[in-house]
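To start, the structure itself, in structure tokens.
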Amino acid sequence: MTDRDDTRALSNAQIEQFIERGFVRIDNAFPRELADAGRAIMWRDLPCSEHDPSTWTRPVVRLPGYGEEPFRQAINSPLLYRAFDQIAGPGRWSPRHNIGTFPVRFPHPDDPGDAGWHVDAGFPGDDCDPRERSDFSAWRVNVNSRGRALLMLFLFSDVGDDDAPTRIRVGSHVPMARYLAQAGEAGRGRMNLSQMGADCELALATGEAGTVYLCHPFLVHAAQKHCGTRPRFMAQPSLSPAEPYRLERDDGDYSPVEIAIRRALGMG
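Structure representation (structure tokens):
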């Protein structure tokens, strides 16, 4: 199959980039008009004024999950569906009906307080209090990425280098896979990942509104302080699996997510 197959969202080179680097950037993944409509909805919900920077008194404001039409259309674009099939595997992921929470970041001198290096967890451990299932700090990650098929970054505003772009440690999914493999099915929780992938190249999740980053679930990433002039609107939803990732398949039909883990573990 050649790179010019129009039924595919991603070229062979982009798939290999995902496997090796841990992410792929898709420009124009959804229309800018949807991003504009989404921001208009969120500005109505924010405790400040779009046109009065003096009201931007907090470095970050979290808005709860959004499922209105512009958000639902953005996360269910035909282009992204094709990309999900290519990265996670056809039939191995579940569609989303909302885009999740937006941490809206504002230009502000204070540390946002949430800029530590981490991977997003996928499931509550056996030691997680059922009454505290919303406390994701107690959730876990395992080498099969139980509960999470992909990490995704949806840009709903233009994001430049100064606009608090998410920081990415390129290729950090490789040492992370090895670290998780040591913990078996139970996985790990409450991890301090300040040094995980510290020697990796640093990339910034910049782009125009409508850009989407599809990231390996083990990719180490972090927020940062906003040093620009306009608030940054970005959602960070997960793509849920329809079936667990498997590192041993009789038919050898591994998805790029699985291939990346297998390579990290010396399995081929």
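Numbering of the sequence shown is given in numbering that gives the first Met the number 0, commencing with residue 0 and proceeding in unit increments. Ideal placement from N, C-alpha and C gives every residue a C-beta, glycine not left out. Keep in mind it's a predicted model, so treat the numbers as computed, not measured.
Around the Cβ of residue i, are there at least 16 other Cβ atoms within 10 angstroms (buried) or fewer (exposed)?
i	result
PRO123	buried
THR210	buried
GLY206	buried
ALA176	buried
GLU257	buried
GLY183	exposed
GLY188	buried
ASN191	exposed
GLY186	buried
ARG248	exposed
SER53	exposed
LEU201	exposed
GLN181	exposed
GLY265	exposed
Pull up the CB-CB distance for residue i and residue j, whole angstroms please, since I reckon it's below 8 Å.
i	j	result
PHE217	ARG38	Contact doesn't hold; Cβ gap of about 31 Å is too wide.
ARG7	GLN85	6 Å
PRO255	PHE153	The Cβ separation is near 20 Å, so there is no contact.
ILE40	ILE74	Contact doesn't hold; Cβ gap of about 14 Å is too wide.
GLY121	TRP138	7 Å
ARG261	TYR253	7 Å
VAL297	LEU179	Since the first residue of the chain shown is 0 and the last is 267, residue 297 is not available in this structure.
LEU33	ASP44	Actually they do not touch by this definition, with Cβ atoms about 17 Å apart.
GLY21	HIS215	4 Å
Near residue i, which residues of its chain fall below 7 Å by C-beta distance, leaving aside the five closest residues on each side in sequence?
i	result
PRO30	GLY209
ALA82	ALA8, LEU9, ILE25, LEU213
HIS96	GLY66, ARG71
Near residue i, what residues of its chain come up, given a Cβ to Cβ distance below 6 Å and the 5 sequence neighbours on each side ignored?
i	result
ASP157	GLU207, ALA208
ARG163	With the sequence shown as reference, residue 163 is identified as Ala, and Arg is not the correct amino acid for it. Here the set comprises ARG104, GLN223, HIS225, ARG231.
TRP55	CYS47, PHE105
ASN143	PRO243, TYR244
ASP119	LEU150
LEU79	ALA28
Might you give, ordered along the chain, the residues of its own chain that have their beta carbon closer than 8 Å to the beta carbon of residue i, omitting 5 neighbours on each side?
i	result
GLY227	PRO106, GLY159, ASP161, ASP162, ALA163
LEU203	ASP160, PRO164, THR165, ARG166, ILE167
Exercise for the section: Could you name each continuous beta strand (DSSP E) segment of 3 residues or more that falls completely within the segment 186 to 224, going from the start of the chain to the end? Expected result: 201 to 203, 211 to 214
Problem - the segment 160 to 177 contacting the segment 187 to 207, beta-carbon criterion three pairs below 8 Å - result: A contact exists between the segment 160 to 177 and the segment 187 to 207.
Practice task
Go through the segment 137 to 190 residue by residue and report every complete run of the alpha helix (DSSP H) that reaches 4 residues or more, in order.
Solution key: 172 to 180
Handout entry: Contained beta strand (DSSP E) runs [length at least 3] in the segment 74 to 105, N- to C-terminal order
Key = Here the runs fully enclosed are 101 to 104.
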